[in-house]
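The structure appears below as structure tokens.
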Amino acid sequence: AFMTNAEHCAAAAAAAVVSDPSVIALFGQLFVVEKSGCGSAWLEGKATETLVATLVDYLGDVEQYVTRDLAPMVSEAVLSRVVKTTIDACMRQLHAIRPGTVGRMAADEDALRECFAEHL
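Quick note on numbering: the sequence shown equals residues 326 to 445 in this note's numbering.
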């Protein structure tokens, strides 16, 4: 019963993170490429940088306010939600591959991996 409750708590915390209006707005900027192929906050790395900084803040709060045993479970649940939301954003918002798109996707993956590596 305790484990089930812990899983529900972790899922609720993860849902709170990805439903934050500022996080939703940042996911809305991912994979958005101007027709010219330049000038988007995502291609310039600004959207991902801000998203990662926001996630780091949230994960730091988790480690500060959640028990040591539950914190990794919450971080894992946040990672799962972020991966799902990122894939959804890609499928919805990436309409064409422009110069720099693939490199930006790889850089985003590296930034998110580094962000979560510190908390899992």
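Think of the CB as a built atom: it goes at the ideal place given N, C-alpha and C, for glycine as much as any other residue.
Here the structure is a predicted model, which is why all the values come from computation and not from measurement.
Asked                                                                                                                      : Found
Ala402 vs Phe356 beta-carbon contact at 7 Å                                                                                : no
Ala450 versus Val381, Val427 and Thr411, residue with shortest Cα-Cα distance                                              : An answer regarding residue 450 cannot be provided, because it is not within the stretch 326 to 445 covered by the chain.
Span separating the alpha-carbon of Ser405 from that of Arg417                                                             : 18 Å
Own chain residues within Cβ distance below 7 Å of Leu368, not counting five before or after                               : Val358, Gly425 and Arg429
Neighbourhood of Ala339 by C-beta, 6 Å cutoff - its chain only, sequence neighbours within 5 removed                       : Ala402, Val403 and Arg406
C-alpha gap between Glu374 and Ala366, whole angstroms                                                                     : 10 Å
Cut-off 6 Å between Cβ atoms - residues of its own chain near Leu419, not counting five sequence neighbours on either side : Phe356
Complete alpha helix (DSSP H) runs within the region 380-429 (minimum length 4 residues, chain order)                      : 396-418
Start and end residues, alpha helix (DSSP H) containing Val343                                                             : Phe327 to Val343
Same chain, Cβ closer than 6 Å to Val377, neighbours up to 5 away in sequence not counted                                  : Ala436 and Cys440
Close Cβ partners of Gln354 (< 7 Å) along its chain, the five nearest in sequence each way excluded                        : Ala366, Trp367 and Ala372
Span separating the alpha-carbon of Val348 from that of Leu395                                                             : 23 Å
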